[in-house]
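For reference, the structure is listed below as structure tokens.
Number of protein chains: 4
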Amino acid sequence: MILVFRPGCSKDEVAEAEQQLRGLGFQPHTLYGVERTVIAAIGDDRVTTKEHLETFPGVERVLPILAPYKLASKEIRPETSVFEIGGAGPGCPTVKPTKSKVPIGGKKLAVIAGPCSVEGREQILEVAAAVKDAGACALRAGAFKPRTSPYQFQGLMEEGLEYLAEARERTGLPIVTEVLTPTDVHLVAKYADCLQIGTRNMQNYLLLKACGEVKTPVLLKRGMSAKLEEYLLAAEYILTSGNPNVFLCERGIRTFEEHVRNTYALTTVPALKAKTHLPVLADPSHGTGVRAYVAPMTKASVACGADGLLLEVHPDPSKALTDGQQTISVKEFAQLMKELKPLAEAVGRTI
Amino acid sequence: MILVFRPGCSKDEVAEAEQQLRGLGFQPHTLYGVERTVIAAIGDDRVTTKEHLETFPGVERVLPILAPYKLASKEIRPETSVFEIGGAGPGCPTVKPTKSKVPIGGKKLAVIAGPCSVEGREQILEVAAAVKDAGACALRAGAFKPRTSPYQFQGLMEEGLEYLAEARERTGLPIVTEVLTPTDVHLVAKYADCLQIGTRNMQNYLLLKACGEVKTPVLLKRGMSAKLEEYLLAAEYILTSGNPNVFLCERGIRTFEEHVRNTYALTTVPALKAKTHLPVLADPSHGTGVRAYVAPMTKASVACGADGLLLEVHPDPSKALTDGQQTISVKEFAQLMKELKPLAEAVGRTI
Amino acid sequence: MILVFRPGCSKDEVAEAEQQLRGLGFQPHTLYGVERTVIAAIGDDRVTTKEHLETFPGVERVLPILAPYKLASKEIRPETSVFEIGGAGPGCPTVKPTKSKVPIGGKKLAVIAGPCSVEGREQILEVAAAVKDAGACALRAGAFKPRTSPYQFQGLMEEGLEYLAEARERTGLPIVTEVLTPTDVHLVAKYADCLQIGTRNMQNYLLLKACGEVKTPVLLKRGMSAKLEEYLLAAEYILTSGNPNVFLCERGIRTFEEHVRNTYALTTVPALKAKTHLPVLADPSHGTGVRAYVAPMTKASVACGADGLLLEVHPDPSKALTDGQQTISVKEFAQLMKELKPLAEAVGRTI
Amino acid sequence: MILVFRPGCSKDEVAEAEQQLRGLGFQPHTLYGVERTVIAAIGDDRVTTKEHLETFPGVERVLPILAPYKLASKEIRPETSVFEIGGAGPGCPTVKPTKSKVPIGGKKLAVIAGPCSVEGREQILEVAAAVKDAGACALRAGAFKPRTSPYQFQGLMEEGLEYLAEARERTGLPIVTEVLTPTDVHLVAKYADCLQIGTRNMQNYLLLKACGEVKTPVLLKRGMSAKLEEYLLAAEYILTSGNPNVFLCERGIRTFEEHVRNTYALTTVPALKAKTHLPVLADPSHGTGVRAYVAPMTKASVACGADGLLLEVHPDPSKALTDGQQTISVKEFAQLMKELKPLAEAVGRTI
């Protein structure tokens, strides 16, 4: 940590800060400049916080040297982590293992597709077969839906999970689905091959911990106003709770732009890949919120190095109960998958 | 709802939309302009969503006429709701009623003060006595703490609730404390006079519903990137679940500003009071994140019409385990309360 | 325009609004719903503003139907405009025409590269030759520099323009350079093949008009906090002043993100291409502000359909007087151009 | 400056950085921690930029110690600067001196009021007399109008300045009016007692310099997406050009909020007053953009310590050519001035 003192701070204030820093395990080096006194405190920044040190008398500002996360950091592991979703591993409570295991983080892009919500048995079986045919590697759909308004469709809940399990049975595709609250983790993990934590729950710390205590892989979406450091600290909650199989997903952030539902902050992909070994996906459906922009921004996502995609696909988007405005049709998805092939190859990936 | 069609849309597309709108209970009025065709659909906007109608073929944009919330709306009740915290009412599971009941939403400003976290028995008893002496009407402190990093102090949990109950016993101040997850609602409501839902949980819909199913009043803080409509829809979740005692609190939003922890969006106070009958508080501690700005922004909060304040106060902020950089001392709080008096009177309130 | 009235508005207020709307040339259609009265005013939205109509007594909200820009709109011209930079056309005051003309908006991507600032004769000649060799189609560098601090390097001014003209003479590359103020337009247009209007000047309306009065093509960069509508209205200023040769460029916006200099809002590319016929470039150097992210985000820019690129390239970025942290080396640029080839082909373009 | 090196940086990179820092006049102190090497470079941070040092090989991040502005800094002058507008001083080219001089920055709040635009002679004389009666100390109105759309009213220009001069003649109120471009500075300064630089021109550096070269006081409004440091650097441009009479004004920033025209970031007032000696005003008209919120937010502005106010006032806001939706009537202004009195007193000011 670097502590910058106010002009005119007293010697006692500096001495007091030096002592407290030593108490926290830091080695303080005090430097007297013409305009400011500075203490460079060498040690593990994670034992305290910038905010706490800023309460020391005489201190104007504190500048951390180290990132506050550890297990998520690339310094721990320089290569991208690769792990599988699908198949029941030891400790994984999935009842019916999928036929195929799908690697996340490898050379082959992980394309996870499906409707925003499970709306019924027919709908999910139809779309599962279609996305499988078009080349998706996993099926995603929501059974528990977080909705902005209490008057909107809230999801089919466990009934939806059952339909998803049937879709897996038929297609062999692993299932990715959202879990909303800690007490549901075991229920959802019983059906799903991968637990999704949605944008509104990125800082639901009890849910993060609960997902850390199972072995099912976790897709942790970025909070819509999360800074990268906060995002990686959220991942750190799952990692420190014991589950190493976490992957990330940029899904757009909240800004002043109003011609899109979210601002798709795609630089997050190379930025995360520079800071963490966790695989990084991209979600152009939520990232844009507008169907017509999904195809070009999917291509951009692949081009900038995403390890996979999350795409909303529906047999008839104009009939979708949720998110229809950003959902592409099964046919558009199949076309897009074809168009992605040369792009993936151009950046050294397969699809 | 107003549906604006793309230039060159077909008659069939317009006819199809008219039919679907009738099916949803709207009365469609179609207007043919030179550059655009428009359907003004008269009816209850809440039966569908803007996003759903935007998936209709030929539709370019949809403009809602009505706000999507109802029970929270000022149209239901033009005057500010007033209700009490403290005292065990019918159905309120608080074990030990406070001696005094405190009205929220009335002429007298509700000043709720206390440390960010319950750190121990001595600390909370000391600060409770001090804020009571200085004129606070309720004590707020966190026993369950949502923290950005898993390496930070996570709160004393039930032990903290017990200390809070003891502080109430001694001072008569009602207790406001945060609840993080649905399964904790009954535990926290057993001790607390008012449940706080924090900024990160504003869209934790299961938590909102769980708080709606008890009778304990709920302090719902604004999400750090919530639009007003989303905020009022979050309140609507609690109201539709059966709990009418909800009050709101502006606590700063996330923007590009970096000289403050949050941008304190104080216009939210008159804006909310124009749209809802729910009482509106303001939290200048989180709103600024900087101790030196708390006093001036507290005054601003009172001046613009807040129904009360949420203030972080600690015996020694430089020793606080959490949020010390934005916490004022007991002495500063007492001084501030004196300075607020003429301001409150100037806007027709008491304190 | 759609006018939504407050609940309980009077008949007189509605009648008064109808009359005023007729006076502005609209045809008002008044619709009485259960909760709201609405006037759908059919006519040319551009004769007034949403804000003005919102001052009518009784009016709660106004919703525009039409976009406020015309000449920039895709409705005027459905295909992307193509025009050339370089070569002196009639009315174009460039003294020495470039040898080659470069189309903007066509199938071939326009790659405009060069250092942030002209730092000296050697530097600009070196980089011009290098970017030409690597495949750039035009040279960009600043002679007049807008700098955040008065203590920073402000550019070589006319001396810089002379070096740029010499670089053009030697390489045949057209020159793109920034103009800061209306009185400099003729001076800069004497040397340059294309005038750049920078992000801080996007709403400098007198500069826009002055650039509209010459024939030299204009590269109008997006303001760092401009909404799309404002951006297209800025282009409209140039177009209505008589200069049809305007092209646009996404360069990142200001948001809460702090791990990048700007949030590169790449969805702007397909969004602009859906709304306007003007060509749309992308600037991943400013868009990210971080050298390591320039290559992946350049690829993303091509993949999502940009008509060209603006890239900061310097012989030795660590010695650059300005923007070194986001500038790639000549060698990195050459490598990137190679890697872009298959990507461009994958989206039906050449480079 | 603090330079943090990447893990695994080489000794040569550190040595090279030390040498370059010495060349820039810094004294480098190198500290070897377990996870990072850090150089604390003691000296004047303003001789270089954070961004430049970040281009040094091996450097991961650079953290500045000192603020980049000097003359605007409170360290130069701990008390708020007080200066007068009105009256022709030496070097001030105003043709007709106002009868009264008005101090900016003193105990008495400077209330500057008037319509957004000068619309005609009658209108401006009427409103001038009215705001004078109600207690305003200066008249503000725009003759040169920066407008988002080229189809909107652009101001009466020099004719407007003449009406303003007549209004001053009659009321004795000093005139504040906007200047849009460097070549207009002398013209506007001939009529006006104070030059306003608007939000869109905060980083129009040539305009800042031109306003620095006259002696007329300058009201520099905050850019709608300006960070505080950028804002103070813009003021620094004027100050270093020779004009010490600069005052600032918070007017709202651009954020995701859509229920207001701008987010009124009022904490900027105490924050600026902590960092600079320049007087700080507040503009609740633009700050909110909604007439109904102007009165409460004006009160908040006074309560948090603003040195003055900028208020849009019109005889009949529903007829205003510009900004009617955020303009209060003459009558509302008079009422507000009365209500402000006890608030001003409560914070130790007069009005």
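Residue numbers (our numbering), protein chains in the order written: chain Y, 479 to 829; chain F, 479 to 829; chain X, 479 to 829; chain E, 479 to 829. Glycine included, every Cβ here is placed at the ideal spot set by N, Cα and C. The structure displayed is predicted, hence computed values, not measured ones.
- Membership of L697 of chain F in any alpha helix (DSSP H) is not indicated; the residue belongs instead to the beta strand (DSSP E) covering V696 to K699.
- Only those residues of the region 529-554 of chain F whose C-beta falls short of 7 Å from the nearest C-beta of chain X are listed: L541, I543, L544 and E553.
- The distance from the Cβ of L750 of chain X to that of T776 of chain X is about 18 Å, inconsistent with a contact at the 8 Å cut-off.
- If you look at T766 of chain F, you'll find it isn't in any beta strand (DSSP E); it sits in the alpha helix (DSSP H) that goes P762 to T766.
- CA-CA distance, A713 of chain E to L685 of chain E, rounds to 11 Å.
- The alpha carbon of P628 of chain E has as its nearest neighbour, out of X:E647, X:H664 and X:L549, the alpha carbon of X:L549.
- Contact check for M479 of chain Y against P542 of chain Y passes: the beta carbons are separated by less than 8 Å.
- For the region 720-739 of chain Y, the set of positions with a beta-carbon nearer than 8 Å to some beta-carbon of chain X reads I731, T733, F734, E735, E736, H737 and V738 in chain order.
- Below the 7 Å Cβ cutoff, chain Y contributes A781, C782 and V825 as neighbours of K777 of chain X, in chain order.
- Two segments are said to touch when three or more pairs of C-beta atoms, one from each, lie closer than 8 Å; by this definition the region 737-748 of chain E touches the region 758-778 of chain E.
- Residue pairing by DSSP places Y510 of chain Y opposite Y:T515 in a beta bridge.
- Between the alpha carbons of I675 of chain Y and V540 of chain X lies a gap of roughly 38 Å.
- With three or more CB-CB distances shorter than 8 Å, the region 644-655 of chain E counts as touching the region 616-634 of chain E.
- For L821 of chain E, the residues of chain F that pass the 7 Å Cβ criterion are A781, L821 and A824, in the order they occur in the chain.
- Annotated as distal: A798 of chain E and P556 of chain E, with beta-carbon spacing of 8 Å or more.
- Within chain X, no C-beta atom comes nearer than 7 Å to that of A588 of chain F; the closest sits roughly 29 Å away.
- The beta carbon of A743 of chain F sits closer than 8 Å to some beta carbon of chain E.
- If you check the CB distance, E494 of chain X and P506 of chain X do not come in under 8 Å.
- For T754 of chain X, the secondary structure class from DSSP, reduced to helix, strand or coil, is strand.
- Taking 8 Å as the cut-off, the Cβ atoms of A612 of chain X and F811 of chain X count as close.
- For V482 of chain Y, the three-state secondary structure derived from DSSP is strand.
- In this structure, the alpha-carbon of V609 of chain Y lies about 56 Å from that of A588 of chain F.
- The Cβ-Cβ distance between L502 of chain X and V525 of chain X falls below 8 Å.
- At a cut-off of 8 Å between beta carbons, S763 of chain X makes no contact with chain Y.
- Close CB contacts of A773 of chain E within its chain, under the 6 Å cut and outside five residues either way in sequence, are with L814 (chain order).
- Annotation: Cβ neighbours of V516 of chain F in chain X (cutoff 7 Å, chain order): A518 and I543.
- In terms of CA proximity to Y510 of chain X, X:L481 leads the group X:I806, X:L481 and X:E529.
- Under DSSP, the beta-bridge partners assigned to P581 of chain X are X:E562.
- Per DSSP, reduced to three states, the secondary structure at I716 of chain Y is helical.
- For the set F:T800, F:A781, F:S796 and F:K809, the Cα lying nearest the Cα of V825 of chain E is the one of F:A781.
- S595 of chain Y has Y:G620 as its beta-bridge partners, per DSSP.
- For the pair D794 of chain X and R514 of chain E, the Cα-to-Cα distance works out to about 26 Å.
- Taken through DSSP and simplified to helix, strand or coil, G536 of chain E comes out as coil.
- CA-to-CA, the gap between T694 of chain E and L673 of chain E works out to about 7 Å.
- In this structure, the straight-line span from the alpha carbon of V666 of chain F to that of L639 of chain F is close to 7 Å.
- Contact note: T655 of chain E does not reach chain X at a C-beta cutoff of 8 Å; the least C-beta distance is about 16 Å.
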